[in-house]
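Undergrad: First, the structure itself, so that you have it in front of you.
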Amino acid sequence: MASIVTDLFRHPASAIVTIALAALLIRFGFKTLRRNQPNGAPMSASRELWSSILTCFFSGVLLTNGLVHFYHGISGEPFPAPFAYALNEGFPQYASNVLWGFLNLVLGYFLLMRGKVIGGPWQKQIMFFAGVLAMGLFLSFVFSHRV
């Protein structure tokens, strides 16, 4: 089990996506617990603001990462695939990229709708595009330094 986790983290974007998924699961858990309390207190304004900002930011991050992997998967171009590390040589790299890209696109779309980026305040749109830019710069830095 430890080797699978280690192999998954060999891909540079895996840590970011794993952290984003963990944050979503934690947030979902807190909402579920609060819903089960008889007098669940509403979320404070500052927590709501930060939650909204992070949702918009990570929607941009996930959609950008999803586009890159999905494109390389459907074109058959060689590109580091996170599932390929865990599944070794038995799983085609292009299929791994398509699956990883699709997962990122679905999660990014979910966050995009959840954060109400489209048609919402301009601050949310700025945070979305900041996530797109951050992931784009991160990917360009990582893959330009590969040998």
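Mapping the sequence shown onto my numbering, position 51 (from 1) lands on 31, and the numbers just tick up by one. Where a beta carbon is used, it is the ideal one built from N, C-alpha and C, also for glycine.
1) Could you spell out the range, first to last residue, of the alpha helix (DSSP H) harbouring phenylalanine 121?
2) Looking at C-beta atoms only, is the number of pairs between the region 36 to 43 and the region 94 to 110 that lie closer than 8 Å three or more?
3) Alpha carbon to alpha carbon, what distance is there between phenylalanine 71 and glycine 88?
4) Under a Cβ-count criterion, where at least 16 other Cβ atoms within 10 Å of its own Cβ denotes burial, should lysine 96 be classed as buried or exposed?
5) Work out the CA separation of histidine 125 and leucine 92 for me, nearest whole Å.
6) Considering Cα atoms alone, identify which of Ile33, Lys104, Val48 and Ala114 is closest to tryptophan 80.
7) How long is the line joining the alpha carbons of proline 58 and glycine 116, rounded to whole angstroms?
8) Spatial neighbours of glycine 46 within its chain, please: CB distance less than 6 Å, with the 5 preceding and 5 following residues excluded, ordered by chain position.
TA: According to the structure shown:
1) 102 to 124
2) yes
3) 25 Å
4) Exposed is the call here.
5) 31 Å
6) Val48
7) Looking at the backbone, the Cα of proline 58 and that of glycine 116 are separated by about 18 Å.
8) Gly81, Asn84, Leu85 and Gly88
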